[in-house]
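Number of protein chains: 2
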Amino acid sequence: MKKIVALVVFLFLSQFLKAENGYDLWLRYHPVKNPSKLKTYRAAASELIFPASSETLRAAKFELTQGLRGLLGMSIPEKQTISKPGAILVGTPVTLGLLKGLISSEKLRSVGREGYIIQTLNHNQKRVTVITANTDIGVLYGVFSYLKLLQMEETVANLSIEDKPSISHRLLNHWDNLDRTVERGYAGFSLWDWHRLPDYIDPRYKDYARANASVGINGTVLTNVNANALILSKEYLAKVAALANVFRPYGIKVYLTARFSAPIELGKLKTADPLDTNVKAWWKAKADEIYSLVPDFGGFLVKANSEGQPGPQNYGRNHADGANMLAEAVQPHGGIVMWRAFVYDNKVPDDRAKQAYNEFKPLDGQFKSNVMIQVKNGAIDFQPREPFHPLFGAMPKTPLAMEFQMTQEYLGFATHLAYLAPMFEETLKSDTYAQGAGSTVAKVIDGTLESHILTGMAGVSNIGNDINWTGHPFAQANWYAFGRLSWNPEASSVKIAGDWLKLTFSKDAGFVEDARSIMMLSREAIVNYMTPLGLHHLMGWSHHYGPGPWIKDKERADWTSVYYHKADSFGIGFNRTSSGSNALSQYAPEVKAKFENINTCPEEYLLWFHHVSWDHKMKSGRTLWEELCYKYNKGVDDVKVMQSTWNLQKGKIDKERFEQVKSLLAIQFKEAQWWRDACVLYFQQFSKRPVPAGYPKPAHSLEYYQKLEFPYAPGI
Amino acid sequence: MKKIVALVVFLFLSQFLKAENGYDLWLRYHPVKNPSKLKTYRAAASELIFPASSETLRAAKFELTQGLRGLLGMSIPEKQTISKPGAILVGTPVTLGLLKGLISSEKLRSVGREGYIIQTLNHNQKRVTVITANTDIGVLYGVFSYLKLLQMEETVANLSIEDKPSISHRLLNHWDNLDRTVERGYAGFSLWDWHRLPDYIDPRYKDYARANASVGINGTVLTNVNANALILSKEYLAKVAALANVFRPYGIKVYLTARFSAPIELGKLKTADPLDTNVKAWWKAKADEIYSLVPDFGGFLVKANSEGQPGPQNYGRNHADGANMLAEAVQPHGGIVMWRAFVYDNKVPDDRAKQAYNEFKPLDGQFKSNVMIQVKNGAIDFQPREPFHPLFGAMPKTPLAMEFQMTQEYLGFATHLAYLAPMFEETLKSDTYAQGAGSTVAKVIDGTLESHILTGMAGVSNIGNDINWTGHPFAQANWYAFGRLSWNPEASSVKIAGDWLKLTFSKDAGFVEDARSIMMLSREAIVNYMTPLGLHHLMGWSHHYGPGPWIKDKERADWTSVYYHKADSFGIGFNRTSSGSNALSQYAPEVKAKFENINTCPEEYLLWFHHVSWDHKMKSGRTLWEELCYKYNKGVDDVKVMQSTWNLQKGKIDKERFEQVKSLLAIQFKEAQWWRDACVLYFQQFSKRPVPAGYPKPAHSLEYYQKLEFPYAPGI
C-alpha cells in the first residue's frame, strides 16, 4: 500500500516535469480533474464499438482512444456489440450496421457530406453514445467534437448534436516559400521541410493535420501566392504528394499556388497566354500529372497581375480568361481554382480601394463553375480595421471566397496579443444590402444569398516551426477561431474565445472570464493605437513593423502612407465620397448613403471615407484632433488593462506560458506607446494643435521615430 | 484502494501521451525503472543540504531537485544540517561551511576553477554524498555529473570523483545571421529571436544553457563569422546582454564576431586600419560599451581577409596587427580574441592547403597574450576526413584553439547519421611530432605541450529551432560529444557514444550496443561513399549538397572539385609531396617522411598527398581504381548495415524517434548510392577501366547526375 501511494506520488510529480510549451495547442487531453465529472465520463465510456477499416476511421479511433486515455486515464475496451451501458458506438451506417436502427436516415441526410451526429440514446435499456455521420470524415469531426465536450467538462448524459459546415472549402493559405522562409511569417521557418521531403515525414505534419481537422479545416494551400513555378516540377510534386498522404486521412486536401508564367519557366513555352493552345495543353498535362500523384488534389490558388506577379493581362487577356484556362485543366479531376481579387496597379490613376471592384465586377458571370474569386475582407490589405470589401454582394453570379489573414502583418506580428475573431465577425456580419437588408457578407460567403454551392473561406496562416506553432501563445486562438468561423461563419467570437481558453489553458472560471476580456479588448486596442477612426496603411516601409505615417515619395505612391491619410492643414482622411474618389459608389445604395453622410458614417470608418476637418465635432463632443489623441491614448491604456488583468492570472495557469504572455504584453505596451507617440507627433505637424492636457508626453522627438531602422524585422 | 490503483494506472497511462520529440536532449530525467536501483538511489538522497544564494547555485539546485523528482519520483527534503544517512551536501566551502571538514583543501585545489568533486563519505556514522567545488559553476558541473550517474543507473554508493576541464575555453560557434537564417544550418532558423529580444526571453534559451552546461560548454559565439557590424550597435548589444543574462548562471559567456570594417560601417570612420589611432579608439570605446552591458563578455571571434571578409590586409597590415588591436580593446576587461586561421586566396598561386600556414607561421610570437588563433581540424574545410592541420605544433609561442564543425556541411547535412566524435578524436590523437613523438594535437590544444594557459576548442553549432534542436535525432550526439571532448580532449568517442545513447534513448544493453555500432560505423561509411582514400572537396556547387566531382571553371579555381582531385588518364589525387605542392614540408619531418612515401602514407590519406596511378597496387591487392570502386560500394553497404541494425531496435525505444531515424537512414542510403554512382561514373571517364564485377550498376547516367539542380538546398 505504501509503495502504491509512493508510486502515485512519483507518477503524479513526474507529470509536472513536462513544461507547457504550447505544442499541443487545444488538443491537450489533460486529465479531467473534477472527480464526479470524471466518474460520469468514465461510466459513459465503458466500451467502444468502432470498426475502423479506412485511414480516416483509424485516425478517428486513434484520436478517440488517445483522447480518452488522457482525459479519463483509461483504455476503453473494444467490443463487437453492446454489452453494457456506457458503450460508445462510432461509425457510418456502412461501417457499423448497428447504427442503422439507431439514427434515422432522414436525420443523417440532413448533416450532409461533412456533418456529424452525436446522440445519446437507450438501446435495449442500455444508455449508449452514438457518434455517426454519412462519411468517414464526418465521423472524425464527430470524434473531435465529442472529445471537446469532455475537455471542456460539459455534460454528456443527454446529447443530441447535429452539426455540419456552412462553407464547403475551409482553407489555410500558407505564404511559405521553397527556401522555408515565410512571407509575413512571424513564427519561425515554414513547417514544410521541402529538402527532406518526400522521404522524411516530420511528425509535426500529422499534428498539423489533427489540429486543422479538429476545427474543421479541410484544405491547405502549401505555397506562397507570390508563387514559384518550381513547386509544379516533378521533383516537388513528389514532395507535395507525400504531404497530401499525411493530410488525407484528416480530410485535408492540398492546393498549390500556380505561377501564371510556369508554362514559360517550367515548360519552356514562349508564352503563357491563356488562350494559346500550347499553354492550355501544358496546364492540362500538368494538372493530369498532379492528379496522377495526388488524386484528391484540391486545385490552384492564383495571384495574377498584382504586385509584380505575371497574369493574363500580360497577354491582353482578362482575369476570367486566366482563371477559366486553369479551371478547365483541373475540372475533369474535380479541382477548383481560387483566383484572388487582390489586384491593384500603381499605374491605374484611381483610388487603390476601387481597383479590384473595377476589374472584377464586369467579369461577373464569365467564370467557369469551378472558379471562386477570393476576396480579402477589405479593399486595401488586412488593416486592423477595414469596411467590408465592395465586391461582396456585387458579383452575384460568381462564388466569392473570403480571405482573412491570421498572420498579423499589420497587427503587431507575433508579438502583440490580437484576437482577430471579432474582426472576422465584424466583416461577416456587415450588411451588403445586395438583396436588401440582411444580405450579410456571411450569407454571400456561405452561398445562401446567391445560391452558390461552391463556397470558401481562406485564412492566411500564422503557423511556423516555432514550438508553439504561432510564436505568441494567443496567436493560436486565431488559427482556432478561423477554423470555427469557416465551419460556421455565424459563430460568436466571444464563445469561441471562451472555448479556446478552456481547451488551451484552464477551465478555471475566473481565468476564462479575465483572459476572454483581454482577448475581446485586444483588437480594438490595436486599432486605436495604430490606426484609429478609419485611418489605414500607416506602417513602416516594406517590413511593416512599427509606425510610418511619414512614408512618402517611394517608387509606388500606393505603397506610401500619405496616399492614405492625406493629412493637411485642413484635416485628415481619404475622401471616398462622391466629391472624392467615389469608392462609395461601389457599395449598395443603402451602404453608400450611410457612409457618404459624415453624420451617419460610423466613426470607426470616418477617415476611411472622409477627409475631415481637425475641428470636426465628434459624437463625444471632442474635436477630431482631440478624438484622435484620445483614441491613440485609449489604445495604449487598454494594453495597460490587458497587462494588469493578465498579471492577476499568475498561478492560475502554467508558469511557462504565463511568463511568455507577460513578457509579450510588456513589449506590446512599449510598441503601443511608440505607435501613439510617433503618429500623434506626426499628425500634429498638420493639425498644429496642442495635445490635450492629461496625456503623457512622447518619449522622443518625431525625428527620432522617423530615423529608426529595422533591417532585420522578420517576415520578409 | 481500488481508487488508488485506478489513479496509478491513470497517471501511468497519461505519461505515454507525451511523445518523445527529442526536445529534452540528454536531460530527460525519466524515472529509474530498476526497482532495486531506485530504492538505493532514494536512500542515498534522503535529504538535501544546499544553501544557494547565487544565481548559479540556484540553477544547480533547480536542476538537482528537478532531476531527482523526475528520476526518483520524489521531492528531496531540504535541511540545514545532516539529520540522517543519505544526505546530499552541495556547495563550495564558502557557501556550505560544513564541507570544510569533509573535503581537504588540497583536494579541492587540484580541481581548479571549474572542476568538481563528488565524494561519498561517512560523517558521524552517516553515509552522505558531497558535491563540491571551488566555485559555484564547479558545483553546477558536479550536479550535472551526479545526475548523469543516476540517469545511467550507475552505482553511487562509493563515489570518489574528481574532474576538471583540460581546456579553458569550450565554445560553440553559431553561424547565425541577424535575419535568423543560419549559414550551413540544417535544423531550422536561428534560436536567437533577435526581433523580440531583449524583452522576450524564449524559454529555449535557458534549456540551451542547461544543455551546454551539462556537457561543460562555457561560451557561445552568437553570430556568424561572416559578420554583420550591426550586432555591435547599441540596439543589438542590448539584445546580446539579455541573452548573456540568461546564460550567465550556467557559466556560459557570450562572444561576438567582429566585422573588421565595423569602424567604417558603424562608426563612420574613413578607415578600419588597425594601426590608425581613431580605429583603435573606436574599438576601445566599443569594447567599453559592450562590457558596460555585459560585464563578463567573452570577446571577439574574427574571420578576416578570407572569402571576401574585410581584414587588416586591406590596409597592408598583417593578422597580428589586426588581432592585437582588438585584443588591446578587450584586454582591460579580461576579454580574448579568437582569430581564425581559415584564410586562403584564389589569387595566391599556391596550394590552398598551404596558405594558412604560410600566413600564420611567420607571425608566431607576435600575438598579444589574450589572442588565440583558431585553426580548423584540417587544412581545407571540414571534409569527412582531413589530415590534421599543419599549423598544430608549428606555432609554439601562440595558443591555438581547435575549430571543429558539428553542423554537417560536408557530411550529409541533418539527414545523414554521422557521429563525428571519431573524426574529432582522430585529429586530437594525431601526432604532430612538434616536440618529438607523442606531441599530439590534443596536447597542443590543451596547452600542455607548449605551456599555454589560454586554451580553446570551438564547435560550429548544428543547432536550430527544430523541436529536437539538431534536425536529426543523432545529430544531438555531436553537440554532446563536442562538449565532452572540449572538457577532456582525450575522452573516448566510443564511451561518449554509449553514454549519450543511454541518456537520450534507453539503457537497454542490446540497444546501446547496436546503436553504438551504428554510430561508430557512420563516419567511415560517409568517408567511403563521399570521399574515400583521401579525396576531398567533391561536393555540389555552393550549396554543398550531393556529389559534384565535375565542378570546374568557376570564378574561383579553389572552389572547384577538379582543383582537388586532379583526375587524369594517369591517375588521381593531389600531389602535395616535394615533387608537387610540397604542402608536406609544413609538417614535422617525421610526419612528412611518413606521408611523403607512398608506401608508408596511410591509405586513408593517399589521394590527399599523392597523385596516384589508377593501377597502383593497394595493400588489399586491388588496384587503386578497384579500391576506389570497392570503397564507394563499401560506404553504401555500411549504410545498409546501419539500416538493418536500426530496424532491429523497433520496440526498444519510442516509436517517434525510431521512425524518424528509420526514414532518415532510408534517405541516407539513397544519397549514398547517388554519391557512389555519380563519383564512380565521373572518375571512370579518366580511369577508362571497368567497374569490377559484382557491384551494382549505377541507376542513371553521369549526365543525369550532372544535371541535377537544388536551388533550395538548405543552409544558405
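For the protein sequence lines, the chains are B and Y, in the order given.
Residue numbering for the first sequence follows my numbering, starting at 165 and increasing by one per position.
Residue numbering for the second sequence follows my numbering, starting at 165 and increasing by one per position.
Ideal placement from N, C-alpha and C gives every residue a C-beta, glycine not left out.
Decide if E523(B) is buried, meaning its Cβ has at least 16 other Cβ atoms within 10 Å, or exposed. The residue is buried, with at least 16 neighbouring Cβ atoms inside 10 Å.
Kindly indicate if chain B contains any beta-carbon less than 8 Å away from that of S470(Y). So no, S470(Y) is outside the interface.
Tell me which same chain residues have a C-beta within less than 8 Å of the C-beta of M684(Y), skipping the five on either side of it? The answer, listed in chain order, is Y583, P586, S657, V658 and A661.
Please classify L812(Y): is it buried, with 16 or more other beta-carbons within 10 angstroms of its beta-carbon, or exposed? Only exposed fits L812(Y), as fewer than 16 other CB atoms lie within 10 angstroms of its CB.
If you draw a straight line from the alpha carbon of G879(Y) to that of M694(B), how long is it in whole angstroms? Rounded to whole angstroms, G879(Y) to M694(B) spans 37 Å at the Cα level.
What in chain B is Cβ-close to A830(Y), meaning under 9 Å? D363 and Y364, listed in chain order.
Counting only Cβ pairs nearer than 7 Å, list the residues of chain Y close to A877(B). At a beta-carbon threshold of 7 Å, the residues of chain Y lying near A877(B) are H359, ordered along the chain.
On a CA-only basis, which of D509(Y), A520(Y), A601(Y) and Y574(Y) is nearest G349(Y)? Give me that one, please. The residue among D509(Y), A520(Y), A601(Y) and Y574(Y) with its C-alpha nearest the C-alpha of G349(Y) is Y574(Y).
Just mark R273(Y) as buried or exposed, buried being the case when its beta carbon has 16 or more other beta carbons within 10 Å. Burial check for R273(Y): the Cβ neighbour count within 10 Å stays below 16, so the residue is exposed.
Looking at the secondary structure, which residues open and close the beta strand (DSSP E) in which T293(Y) lies? Unbroken beta strand (DSSP E) run through T293(Y): K290 to T296.
Give the single residue among I331(Y), G234(Y) and E227(Y) whose Cα lies nearest to the Cα of K197(Y). Residue G234(Y) is the option with its Cα nearest to K197(Y).
Taking only runs that begin and end inside the segment 196 to 268 of chain B, name each unbroken alpha helix (DSSP H) of 4 or more residues, in chain order. Taken in chain order, the complete alpha helix (DSSP H) segments of 4 or more residues contained in the segment 196 to 268 of chain B are 199 to 207 and 219 to 236.
List, in order along the chain, the chain Y residues whose C-beta lies closer than 8 Å to that of D327(B)? Residues of chain Y whose Cβ lies closer than 8 Å to the Cβ of D327(B) do not exist; the shortest such Cβ separation is about 27 Å.
Which same chain residues, not among the five before or five after V410(Y), have their C-beta less than 8 Å away from its C-beta? Cβ neighbours of V410(Y) beyond the five flanking positions: I365, Y369, K370 and A373.
So, does the CB of D630(B) fall closer than 8 Å to a CB anywhere in chain Y? Chain Y has a Cβ within less than 8 Å of the Cβ of D630(B).
Measure from the alpha carbon of H553(Y) to the alpha carbon of each residue in R344(Y), V844(Y) and V755(Y), then state which is nearest. When only C-alpha atoms are compared, the closest one is V755(Y).
Are there 16 or more other CB atoms within 10 angstroms of the CB of E318(B), so buried, or fewer, so exposed? E318(B) should be labelled exposed.
Any C-beta of chain B sitting closer than 8 Å to the C-beta of L941(Y)? Residue 941(Y) is absent from the structure shown; chain Y starts at 165 and stops at 880.
is_contact[G349(B), chain Y] using C-beta, thresh 8 Å: Not an interface residue.
Per-residue contacts from G352(B) into chain Y (C-beta, under 7 Å): Ordered by position in chain Y, the residues that pass the 7 Å Cβ test against G352(B) are G352, F353 and N629.
Helix, strand or coil for G380(Y), going by three-state DSSP, please let me know. Taken through DSSP and simplified to helix, strand or coil, G380(Y) comes out as coil.
Is the CB of S686(B) under 8 Å away from at least one CB in chain Y? The beta carbon of S686(B) does not come within 8 Å of any beta carbon belonging to chain Y, so the residue lies off that interface.
Inter-residue CB distance, I267(Y) and V294(Y) (contact presumed, cutoff 8 Å): That belief holds up - the Cβ atoms of I267(Y) and V294(Y) are roughly 6 Å apart, short of 8 Å.
Chain Y residues whose Cβ lies nearer than 7 Å to that of E820(B): Chain-ordered, the chain Y residues with CB closer than 7 Å to the CB of E820(B) read P367.
Starting from Y583(Y), trace the beta strand (DSSP E) in both directions and tell me its first and last residue. Per DSSP, Y583(Y) belongs to no beta strand (DSSP E) and is neither H nor E.
Nearest candidate by alpha-carbon position, reference A606(Y), set Y479(Y), Q599(Y) and E589(Y): Closest in alpha carbon position to A606(Y), among Y479(Y), Q599(Y) and E589(Y), is E589(Y).
Looking at chain Y, is there any beta carbon in it that lies within less than 8 Å of the beta carbon of A863(B)? Not closer than 8 Å to any Cβ of chain Y, the Cβ of A863(B) fails to qualify, so no.
Less than 8 Å between CB atoms is the rule here; does P860(Y) satisfy it with respect to chain B? So no, P860(Y) is outside the interface.
Determine which residues of the segment 806 to 818 of chain Y have a Cβ less than 9 Å from any Cβ of chain B, and write them out in chain order. Here the close residues number zero.
Which stretch, first to last residue, makes up the alpha helix (DSSP H) that contains F833(B)? That run of the alpha helix (DSSP H) goes K819 to S851.
Do we get a CB-CB distance below 8 Å when we pair L212(Y) with the residues of chain B? So, not an interface residue.
Can you confirm whether L430(Y), when its beta carbon is compared against all beta carbons of chain B, has any partner nearer than 8 Å? No, L430(Y) does not count as interfacial toward chain B.
Closest residue to A517(B) among L311(B), N534(B) and G542(B) (Cα-Cα distance): Nearest of L311(B), N534(B) and G542(B) to A517(B), Cα basis: G542(B).
Please tell me whether T579(B) has its Cβ less than 8 Å away from any Cβ of chain Y. At least one chain Y Cβ lies under 8 Å of T579(B).
Buried/exposed call for Q849(B), threshold 16 Cβ in 10 Å: The residue is exposed, with fewer than 16 neighbouring Cβ atoms inside 10 Å.
Own chain residues within Cβ distance below 6 Å of A216(B), not counting five before or after: Here the set comprises R222 and K225.
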